[in-house]
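Below is the structure:
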């Protein structure tokens, strides 16, 4: 039986909504999520876990209270547990997030930017 | 303070050895490892964990006892816990593995193809 790999570009073609992570795979209790990012997100942190950003297209900026990091396509960054951060992108960036299942995108801030979890595509 | 993202292509330029995974980042107790794959690996499984393959360049084939999957650049596949598999590539493929720290590349098979762990680049 021939199985299919998960094509990241093909999965991005299935949605256009920004800031709404879509799950494409799960490894143990971690999920791989695709997200379209444009504009500024809110300051937040994840008190219980690190969070990985891998940029697939475009450019992503992550601000910290003590600095920032710029990622372009093919670059990865791990935001450590509890570190306050604010992602942003001047033009739309296509990003893969890797983090434990159930992590809330707005961390302990909550509010209207909070996205639904477990939206598989 | 401006921090640096991890550039996957740049990290691959730092080593040429095949079948020798190099760690580039850690998220909680999981590691991101880059590996150059060419030829056939051995049949093995990982009894305690799933394992993720993301192909960055080239093509990767993973055989299972009941089938196979072919991955090209930009494609991802999660091999589930305990599933026997044999990765191979006719030409060199550049692959990122995501799995818990300490996973042995040959699983419970061991033997001469077993690679050293925690080789950071």
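Residue numbers (this note's numbering), protein chains in the order written: chain A, 1 to 121; chain B, 122 to 242. The beta-carbon is built from N, C-alpha and C at its ideal position, and this holds for glycine as well. For clarity, every value in this text was computed on a predicted model and none was experimentally measured.
Whole-angstrom C-beta distance between residue j and residue i, which should lie under 8 Å
| i | j | result |
| --- | --- | --- |
| residue 173 of chain B | residue 27 of chain A | 5 Å |
| residue 197 of chain B | residue 73 of chain A | No, residue 197 of chain B and residue 73 of chain A are not in contact; Cβ-Cβ is about 16 Å, not under 8 Å. |
| residue 121 of chain A | residue 54 of chain A | The Cβ separation is near 17 Å, so there is no contact. |
| residue 182 of chain B | residue 189 of chain B | 6 Å |
| residue 30 of chain A | residue 100 of chain A | 5 Å |
| residue 24 of chain A | residue 219 of chain B | That pair is no contact at about 13 Å. |
Reduced DSSP secondary structure (H/G/I, E/B, other) of residue i
| i | result |
| --- | --- |
| residue 15 of chain A | coil |
| residue 119 of chain A | coil |
| residue 131 of chain B | helix |
| residue 193 of chain B | strand |
| residue 53 of chain A | strand |
| residue 220 of chain B | strand |
| residue 213 of chain B | strand |
| residue 59 of chain A | strand |
| residue 4 of chain A | strand |
| residue 112 of chain A | coil |
| residue 81 of chain A | coil |
| residue 161 of chain B | strand |
| residue 47 of chain A | coil |
| residue 23 of chain A | strand |
| residue 188 of chain B | strand |
| residue 225 of chain B | coil |
Cut-off 7 Å between Cβ atoms - residues of its own chain near residue i, not counting five sequence neighbours on either side
| i | result |
| --- | --- |
| residue 114 of chain A | 104, 105 and 106 |
| residue 177 of chain B | 129, 194, 215, 216 and 217 |
| residue 12 of chain A | 34 and 94 |
| residue 65 of chain A | 84 |
| residue 40 of chain A | 86 and 88 |
| residue 223 of chain B | 238 |
Sequence-distant residues of its chain with Cβ nearer than 6 Å to residue i (five each side left out)
| i | result |
| --- | --- |
| residue 201 of chain B | 171 |
| residue 124 of chain B | none |
| residue 63 of chain A | 86 |
| residue 82 of chain A | 45 and 47 |
| residue 240 of chain B | 143 |
| residue 38 of chain A | 18, 89 and 92 |
| residue 191 of chain B | 182 |
| residue 78 of chain A | 50 and 52 |
Residues near residue i in its chain [Cβ-Cβ closer than 8 Å; skip 5 each side]
| i | result |
| --- | --- |
| residue 116 of chain A | 20 |
| residue 111 of chain A | 42 |
Quick one: any contact between the stretch 8–21 of chain A and the stretch 207–223 of chain B, if contact means 3 or more CB pairs under 8 Å? no
Three or more C-beta pairs closer than 8 Å, one from the stretch 41–60 of chain A and one from the stretch 103–115 of chain A: is that the case here? yes
Relative to chain B, which residues along the stretch 4–32 of chain A have a C-beta separation below 8 Å, given in chain order? 4, 5, 6, 7, 8, 9, 24, 25, 26, 27, 28, 30 and 32
Using a Cβ-Cβ cut-off of less than 8 Å, give me the residues of the stretch 188–203 of chain B that come near chain A, in sequence order. 188, 189, 190, 191, 192, 193, 195, 196, 197, 198, 199 and 202
Can you pull out the residues from the stretch 45–61 of chain A whose beta carbon lies closer than 7 Å to at least one beta carbon of chain B? 49, 50 and 52
Report the residues of the stretch 203–223 of chain B with a CB closer than 7 Å to any CB of chain A, ordered along the chain. 219
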